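In my numbering, the protein residues as written are 1373 to 1452. Just below is one structure, and these are the notes that go with it.
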């Protein structure tokens, strides 16, 4: 989700979201986003925001809500 310290294109995030359309198991997604939220990358909020937007655009509202809830637990404030 990050290349050379910069966020990837929006299409990459949409592809990620589409990969989760047919599953309710978001263990790996959650782990990845937690790792990003705890990183020192300056673009970490952009990455999380683009991920949330991609899931919303692919109509996976339950996963968006799950991500937002986990962000609260991680004390990572959403910027969307």
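The C-beta atom is built at its ideal place from N, Cα and C for all residues, glycine as well. Remember, predicted model here, so these are calculated numbers, not experimental data.
Margin query: On the CB-based measure, 16 or more other CB atoms within 10 Å of its CB, does residue 1437 come out buried or exposed?
Written below: With fewer than 16 other Cβ atoms within 10 Å, it is exposed.
Checklist line | Distance between beta carbons of residue 1408 and residue 1420, contact taken as under 8 Å | finding: Rounded, the Cβ-Cβ distance is 6 Å, consistent with contact.
Check: Should residue 1414 be labelled buried (16 or more other beta-carbon atoms within 10 Å of its own) or exposed?
Finding: Taking a 10 Å sphere around the C-beta of residue 1414, we find fewer than 16 other C-beta atoms and assign the residue as exposed.
Checklist line | CB of residue 1382 within 8 Å of CB of residue 1422, strictly | finding: Yes. Within cutoff.
Check: Distance, Cα to Cα, residue 1378 vs residue 1448?
Finding: When only Cα atoms are considered, residue 1378 and residue 1448 end up about 19 Å apart.
Next item on the list: Taking only the alpha-carbon atoms, compute the straight-line gap between residue 1433 and residue 1410 and give it to the nearest angstrom.
Entry: Looking at the two C-alpha atoms, the distance is approximately 24 Å.
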